[in-house]
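Using this note's numbering, you'd call the opening residue of the sequence shown number 80 and step up by one each time. For every residue, glycine included, the Cβ atom is placed at its ideal position computed from N, Cα and C. Everything numeric in this text was worked out from a predicted model, so none of it was measured.
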Amino acid sequence: MEESFDDKTGYCRSLGHYVPFQYCRTVNSGLPCSKIKDCWFEKLDIERFIGENYSKSEIEQIFTPRPEKISTLIDLINKAKDNK
Ligand code: SF4
Numbered sequence: 080m081e082e083s084f085d086d087k088t089g090y091c092r093s094l095g096h097y098v099p100f101q102y103c104r105t106v107n108s109g110l111p112c113s114k115i116k117d118c119w120f121e122k123l124d125i126e127r128f129i130g131e132n133y134s135k136s137e138i139e140q141i142f143t144p145r146p147e148k149i150s151t152l153i154d155l156i157n158k159a160k161d162n163k
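The structure is reproduced here in C-alpha cells:
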C-alpha cells in the first residue's frame with residue numbers, strides 16, 4: 080500500500096473540516112471513501128493510486144452503492160410519486 084500521500088490534507092464536505100488522505104483511503108472499513116476520486120483528483124493522480132493499490136473486487140466494493148442506499152433512494156422516489 081502506497082502511503083506517501085497520507086499527510087496531504089483536503090476539505091471534507093461530509094464532515095465539514097480538513098482530513099488527511101490517510102483517513103479518506105481507510106474510512107470505509109479499511110477501504111477508501113466512495114467519494115475519493117471527486118475529492119482528490121486535483122491533488123494527486125487518484126485514478127493511478129486506486130488502480131495500483133486495490134484489486135478489481137475491492138474497487139467494485141468501494142464504488143458500488145450499498146444496497147440499503149439504493150433501496151432508500153427507491154423509497155424516496157416512490158414517496159415523491161405518491162405525493163403527486
Ligand atoms: S474522500 Fe470522503 S472522507 Fe475524504 S474528504 Fe472526500 S468525502 Fe470526506
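Residue i versus the options, residue with shortest Cα-Cα distance
i	options	result
Arg104	His96, Leu94, Trp119	Trp119
Met80	Lys122, Gly95, Gly109, Ile156	Gly109
Pro144	Gln101, Cys112, Asp86	Cys112
Gln101	Gly95, Gly89, Leu94, Ser93	Gly89
Asp86	Pro99, Leu94, Lys135	Pro99
Arg92	Glu131, Asp117, Asn162, Leu155	Asp117
Three-state class that DSSP yields for residue i in the structure shown
i	result
Gly89	strand
Leu94	coil
Leu123	coil
Asn132	helix
Asn162	coil
Residue interval of the alpha helix (DSSP H) (run including residue i)
i	result
Lys135	135 to 142
Phe100	100 to 103
Integer Cβ distance of residue i from residue j, believed to fall under 8 Å
i	j	result
Ile138	Ile129	6 Å
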